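Undergrad: Mind looking over this structure? Questions follow.
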Amino acid sequence: MHPSLFTVISLAVGLLYLLGILAAIDAIYRARSPQSAIAWSLSLFMFPLVALPLYLFFSG
Numbered sequence: 007m008h009p010s011l012f013t014v015i016s017l018a019v020g021l022l023y024l025l026g027i028l029a030a031i032d033a034i035y036r037a038r039s040p041q042s043a044i045a046w047s048l049s050l051f052m053f054p055l056v057a058l059p060l061y062l063f064f065s066g
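To get our numbering, take the position in the sequence shown, counting from 1, and add 6.
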């Protein structure tokens, strides 16, 4: 039995949001200033598709 396209997309989006939440927690602990912690956390919660690759690239 093959999973439907909807199931695969739903799992991918769910995994992306989970990784965004984990990265937001990491951003809170690693941030150099409170403003950057808030900015990264909000962007990772609201736009994980865009913010997660940027966070991984810039966080080192």
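Glycine residues also receive a C-beta, built at the ideal position from the N, C-alpha and C atoms.
This structure is a prediction, so every number in the text was calculated from the model and none was measured.
When you compare the region 47 to 54 with the region 16 to 36, are there three or more beta-carbon pairs, one atom per stretch, that lie closer than 8 angstroms?
TA: Yes, the region 47 to 54 is in contact with the region 16 to 36.
Undergrad: Since Ala45 is in the alpha helix (DSSP H), which residue starts that stretch and which ends it?
TA: 40 to 52
Undergrad: Quick one, which of Ser10, Tyr35, Tyr23 has its alpha-carbon nearest Pro59's?
TA: Tyr23
Undergrad: Could you check what DSSP says for Ala37 in three-state terms: helix, strand or coil?
TA: coil
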